[in-house]
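Read in the numbering used here, the sequence shown has 151 at position 131, and its numbers run on one by one without any break.
Where is the CB? At the ideal position from N, CA and C, for every residue including glycine.
Note that the structure is a prediction, hence the values are computed from the model and not measured.
As structure tokens, the structure follows; a few thoughts come after it.
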Amino acid sequence: RASKGAVHLLDYGAGNVRSVRNAVQALGFEVLDARTPKDLEGATRLIFPGVGAYGSAMDILRERGLIEPLREYVRSDKPFLGVCLGLQLLFDGSEESGGVEGLGLIPGSVDRFTGEGLIVPHIGWNLVNTKKSSGLMDGMEGERVYFVHSYRATPTEENKDWVLSTCDYGGEFIASVQKGNVMACQFHPEKSGATGLGVFQRFLEDAKPTGQFGQSAKVTDGLARRVIACLDVRSNDSGDLVVTKGDSYDVREKSEGGDVRNLGKPVELAGKYFKQGADEVAFLNITGYRDLPLTDAPMLEVLRRSSETVFVPLTVGGGIRDFTDSNGKSYTSLEVAGAYFASGADKVSIGSDAVYVAEEYYASGKKKTGKTSIEQISNRYGVQAVVISIDPRRQYVAEPSMTKNKCIETARPGPNGEKYVWFQCTVKGGREGRDIGAYELAIAMEALGAGEILLNCIDEDGQGNGFDHELVSLVSDAVGIPVIASSGAGCPAHFTDVFNATKCSAALAAGIFHREEVLVSEVKNHMVSHGLPTRT
Ligand code: 1PR
């Protein structure tokens, strides 16, 4: 296919810019890399997908001598589109990373979201209010776009000539800016499905304003509750990478010597769920705790290929930890995560390693070392990039004093009539229980810089009886970061139920989607008909 033209992409080597690249290519444009000041000089159209933490982004730009050339490019009013951190860096500075100076092109500072009970990061699909007519945001009335950030710029008298649209999350913040040919969005067009691709298209095709405003967003409709499709991936006995699905984590067919259940191919299923309207797709490499992740090329390839066609966030988990391979070469968890991000993942999910880290955290009297996988990845790539996958199992006790872990009175007593339950964390895909609860783990992880909790439940996994509301409430009441309810969905009503009964921000399912018992779109329709904010 003939290229419609070229656009430079400022890739300073942090995090996932592959999706932006893929989105631009999917629209028929050629992507050229801008890595040096000289590259910037030659650019006639530039996209700046800022990723990672504010401080480390500015450090890298400085090291590469890009700060002045970037300022010059923007001041000269050449076509520029910043994305997420690429918007924030245009401002004077940020509260993030202990206070950092930015490019100083737009007046104002970028501050952390605050608000009583507000879940931070702001992750998910939210509505934008268009403030003025422009080519960029035209036709976006009533559409939701994908945000993922903990810091935001707010509209003020000084920057009002820049503000193109705002969004409401614990107060009004800037969703996009534009002055002349310079524009930027706090949301991620490359992760916002067809609506987001439209933003890129209008930027790339120099769309002129139609004069139509979008003022449709009602604050009460705000942030949508997310529906996530999860693909548990592993090799079967013939060595093929398959999507599998267990009952309480047992993924083998029940027959004698049963093979690993095969429910399809990862890339195809991811594409199918994107088309059905999944808000995110998660890949869990369920044997990652024993495989050597960086030699696990199939999973990296799955991400690369999925990110070419799936324009919503991708999470990958399994085997994210420090390890030494069979040749004696050591990798840090940061390097492992980096390989996943570079292949198209937006977030990494950490399971077993998080349990060990939390145990040490409590044993040391809650000391932060800065050296754990969670802290390192979060510092480098931002809190939103670190998901903690918890694999808990119910443990019943007659009295709370029988465990040091947080217990609750349960409406579903244990086999011997025990009235109390705690939720025991496991490692290695549920194979080994540890003396720490999901509640304790979640609190430790938030303190160390995790951005989200993926809360599975071994007892409910694959059962189709609905989510464990007691577990989801316990954890989502304890932390201020988003919690994804997982395990047990059997019908659309189970999603609506868990959203109504708990503070979870998202709900995830696997089996019902793989077996085609329920479409993602049917879940969404049920949510809409029950008045839940939903991206449709
Ligand atoms: O410990 O960092 O290497 O990560 C391993 C990852 O693999 C963890 O995220 C862990 O949850 C996952 N995992 C390990 N073993 C299994 C297994 O099933 N044998 N799968 C496994 C986790 C749970 C969910 C599932 C929901 C929804 N599967 O991912 O998709 O329970 O299922 P449902 O809707 O069918 O009920 P590390």
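In this chain, the beta strand (DSSP E) harbouring Pro127 covers 126 to 132.
With distances taken between CA atoms, Met465 lies nearest to Gln404 out of Cys524, Phe294, Gln404. With a threshold of 16 other beta carbon atoms within 10 Å, Ser384 falls short and is exposed. The beta carbon of Gly70 is closer than 6 Å to those of Ala77, Cys104, Leu105, Gly106, Leu109 in its chain, skipping five residues each way along the sequence.
Exposed is the label assigned to Lys391, since fewer than 16 other Cβ atoms lie within 10 Å of its Cβ.
Taking 8 Å as the cut-off, the Cβ atoms of Val253 and Asn305 count as close.
Distance check between Ala513 and each of His534, Leu539, Cys250 places Leu539 closest, using alpha-carbon atoms only. Remark: the C-beta of Val301 is outside contact range of ligand 1, defined as less than 7 Å to any heavy atom. In the three-state scheme derived from DSSP, where H, G and I count as helix and E and B as strand, Ile478 is classed as coil.
The C-beta of Arg432 has fewer than 16 other C-beta atoms within 10 Å across all chains shown, which makes the residue exposed. Comparing C-alpha distances from Tyr171 to each of Gly402, Ala46, Pro209 shows the shortest one belongs to Gly402. Each residue's CA atom was taken as its position, placing Ile370 and Thr215 some 31 Å apart. When the alpha-carbon of Glu300 is set against those of Lys349, Arg245, Gly259, the nearest one is in Arg245. In this structure, DSSP gives Ser23 a state outside helix and strand, which the three-state scheme calls coil. Separation of the CB atoms of Asp479 and Asp488 is rounded to 7 Å, and the pair is thereby assigned contact status at 8 Å.
Boundaries of the beta strand (DSSP E) harbouring Arg454: 452 to 457, taken from the DSSP string.
By the CB criterion at 8 Å, Ser363 and Arg38 fall inside the cutoff. Of the residues Leu314, Ser346, Ala521, Thr389, the one whose Cα lies closest to the Cα of Glu490 is Ala521.
In this structure, DSSP gives Ile87 a helical state, which the three-state scheme calls helix. Secondary structure at Gln444: strand, using DSSP grouped into helix, strand and coil.
Counting C-beta pairs with one atom in each stretch, the stretch 316 to 333 and the stretch 277 to 288 have three or more that are closer than 8 Å, which means they touch. Per DSSP, Val40 is one residue of the alpha helix (DSSP H) stretching across 38 to 46.
For the pair Leu60 and Arg41, the CB atoms are not nearer than the 8 Å cut-off.
Looking only at Glu192, Gly191, Asp79, Phe220, the smallest Cα-Cα distance to Cys205 is reached by Phe220. In the three-state DSSP reduction, Val503 falls in the strand class (E or B). At a threshold of 7 Å, Val140 does not count as near ligand 1, since its beta carbon sits no closer than that to any of the ligand's heavy atoms. By the Cβ neighbour-count rule, Asp455 is exposed, with fewer than 16 other Cβ atoms within 10 Å of its own.
The continuous alpha helix (DSSP H) containing Ile397 extends over residues 393 to 401. Within the stretch 305 to 392, the runs of alpha helix (DSSP H) that reach at least 4 residues and sit entirely inside it are, in chain order, 317 to 329, 353 to 362, 372 to 383. Look at Leu528: its beta carbon is less than 7 Å from one of the heavy atoms in ligand 1. Looking at Arg222, Val247, Asp373, Ser493, the one whose alpha-carbon comes closest to that of Ala302 is Val247.
Below 8 Å, enough C-beta pairs join the stretch 406 to 420 and the stretch 470 to 479 to call them touching: three or more.
Residue pairing of Asn146 in beta bridges, as defined by DSSP: Val165.
Between Met157 and Ser129, the C-beta spacing is not below 8 Å. In this structure, the straight-line span from the alpha carbon of Asp112 to that of Val499 is close to 31 Å. At a Cβ-Cβ threshold of 8 Å, Gln444 and Gly457 count as neighbours.
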